[in-house]
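Those protein sequences? They're chains E and C, same order as listed. The opening position of the first sequence corresponds to residue 191 in my numbering, with each subsequent residue numbered one higher. The opening position of the second sequence corresponds to residue 143 in my numbering, with each subsequent residue numbered one higher. A virtual CB, placed ideally from N, CA and C, is assigned to each residue, including glycine. Heads up: the structure comes next, in structure tokens.
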Amino acid sequence: MKGTRRRVASFVCAAGLLLTLLAAGPAGAQEPVDWRVEFEAVCGTTDASMSFTVEQLTDLIARCDKLAERIGAEEETVRRVYLRRLKMCRDLLAFVLESKKIGQTEAGKPGP
Amino acid sequence: MIRRPALLVLLLLLLAPAGAAGNFTFPDPPPPEEYGNLLIGRTSAGNGMKPATFSHWIHRQKYTCRVCHFELQFNFEANSTEITEAANRAGMFCGACHDGKQLFGHEKPEDCQRCHSGNLRQGSEKFAPLWRLPEARYGNRIDWDAALADGKITPAHQLTIEPASEGGFSQTLLLEAEWAGVSGAVVPHGRHTKWLDCNDCHPYIFNIKKKFTEGLKMANIIQGQFCGVCHGKVAFPLMDCKRCHTTMTTVPSYKEPVSR
């Protein structure tokens, strides 16, 4: 009887611990505390954009869109200044992505 | 059978491109210590202030173009950036450095005049020591690229946004010239990325694939488009033909500023 209780208690503890860990989620999935950190990380990639894959560029553009929502909630001056910069970064990434897609399509075409 | 006047016109048309390089008119160059100086006064007059003087050659010794025109978000076109005192005081634009701690800021009334002088020659007394830097023919008469490459100046390339790559994209492009007798123009990305971020030029000033960049002509560049956004205003002037058209044989001579 005692053994069964102990097993149930251990199971409850383990389940509780697991639930706590799941609720916290992996560190990478959490939103950065400060949007500026994410802003600097995303916009810092522009000078290497030519070396990124289509998947990496798509991911960065998605991060820009997510970040735009966060900056949109800031006060007016910050919002105006940083959203503009973010748009410029996003536009470059989108342009490189488009160029890469065109390049991939052309490379896939049969030769003359 | 072609008539004489028609033949003459035809000959002139054929010969015109060869001589076109010398036919561009450039504005008279300012003195070296004024080249790249601006007056920024979008809202100054309305606030009872004189325009602020900004000198590229003063700031370029400490920071690359990337810091101000990428990180701090100053547009290339003067007086088009929405700089306000409130934004400066909040640490944006000039206030990122001019915060009263790193550099003089916006708190002490006696500091206002240090920028808001309305005088394009403000700070020109600090120019003479720069003659130690490598020489160029036009502009500030300083070869800033060489000064950077030789380590004679060591401007910071970032404040808070760290570039993802070391040195950036470095491919050199050769753009075909539109005129007969003028060699193609080289565009060394490596030299530009030492100063700028890719995002400063792409995609708004230049589309990445050169064939997509329509209107890239000397006449438009002189009007301040494409290369002319910087060259002719703050970077070496367009009259320094051979810096881009490196193998050009007949180089027209333009009025030079005072000797060093």
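Quick check on the DSSP output: what are the complete beta strand (DSSP E) runs of length 3 or more inside the segment 288 to 318 of chain C, in order along the chain? 314 to 317
Sheet register partners of C:Val328 (DSSP bridge): C:Leu316
Nearest to C:His211 (by Cα), restricted to the options C:Thr226, C:Met234, C:Gly326: C:Met234
Would C:Glu175 pass as a contact of C:Ser259 if the rule is Cβ separation under 7 Å? no
If I follow the unbroken alpha helix (DSSP H) through E:Thr267, where does it start and stop? 266 to 298
7 Å is my cut-off, CB to CB: does E:Ala252 come that close to chain C? no
If you follow the alpha helix (DSSP H) that C:Trp235 is part of, which residue opens it and which one closes it? It should be noted that the sequence gives Phe, not Trp, for residue 235 of chain C. First-last for C:Phe235: undefined, no H or E at that position.
Classify E:Ala213 as helix, strand or coil using the three-state DSSP reduction. For E:Ala213, the predicted structure reports a pLDDT of 47, less than 50, and the residue's modelled location is therefore unreliable. A value from the coordinates is still provided. Of the three classes helix, strand and coil, the one that applies to E:Ala213 here is helix, per DSSP.
Note down the Cα distance separating C:Ala194 from C:Leu317, rounded to an integer number of angstroms. 38 Å
C-alpha gap between C:Asn221 and C:Asp382, whole angstroms: 27 Å
By how many angstroms is the C-alpha of C:Phe216 removed from the C-alpha of C:Gln255? 21 Å
Bounding residues of the alpha helix (DSSP H) (the contiguous stretch that carries C:Ala282): Per the sequence presented here, residue 282 of chain C reads as Asn, with Ala not at that position. No alpha helix (DSSP H) holds C:Asn282; DSSP gives it neither H nor E.
Three-state secondary structure (DSSP) at C:Ile347? coil
Determine the chain C residues that contact E:Ala238 at a beta-carbon separation under 7 Å, and present them in chain order. Ala306, Ser307
Please report the straight-line C-alpha distance between E:Lys256 and E:Thr236, rounded to a whole angstrom. 17 Å
How would you list, in chain order, the residues of chain C whose beta-carbon sits under 7 Å from the beta-carbon of E:Glu228? The premise fails here: E:Glu228 is roughly 12 Å from chain C at the closest Cβ pair, so nothing lies under 7 Å.
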